[in-house]
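Just add 269 to wherever you are in the sequence shown, counting from 1, and you've got this note's numbering.
The C-beta atom is built at its ideal place from N, Cα and C for all residues, glycine as well.
Keep in mind the model is a prediction, meaning the values are calculated, not measured.
For reference, the structure is listed below as structure tokens.
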Amino acid sequence: MPKPTGASGEKNLVSSRLIELRKQQNLSQRDLAHKLQLAGYDMDKNVITRIETNKRYVTDIELRALSQVLSVSYAFLIDGEDK
270 MPKPTGASGE
280 KNLVSSRLIE
290 LRKQQNLSQR
300 DLAHKLQLAG
310 YDMDKNVITR
320 IETNKRYVTD
330 IELRALSQVL
340 SVSYAFLIDG
350 EDK
């Protein structure tokens, strides 16, 4: 059975908002990976790159890590709005 994808075939719903948030906070992919690692999450620059280029699925733990480190809600990462 194929894995689910978004309407246009993307593998995750957070890629565009992740790029936007990272740039708003003046973080490189390497900087974001470093912040995630300092917070105890095992995510490196390559993981960030693959998420941002829609070549990788995002796990629930990674979603939590990104929302925590970027100081946004899960809903914002997924839908672009806080509920």
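Asked, Found
"Under the three-state DSSP convention, the category Gln298 falls into", "helix"
"Member of Lys324, Val338, Leu301 whose CA lies at the smallest distance from the CA of Lys314", "Leu301"
"Three-state secondary structure assigned by DSSP to Thr356", "Because the chain here runs from 270 to 352, residue 356 falls outside it and cannot be looked at."
"Cβ neighbour criterion (16 or more within 10 Å) applied to Ala308", "exposed"
"CB contact flag (Leu296, Ala334, <8 Å)", "no"
"Residue closest to Ser284, alpha-carbon to alpha-carbon, out of Gln293, Ile330, Asp311, Thr318", "Thr318"
"Cut-off 7 Å between Cβ atoms - residues of its own chain near Ile347, not counting five sequence neighbours on either side", "Leu282, Val283"
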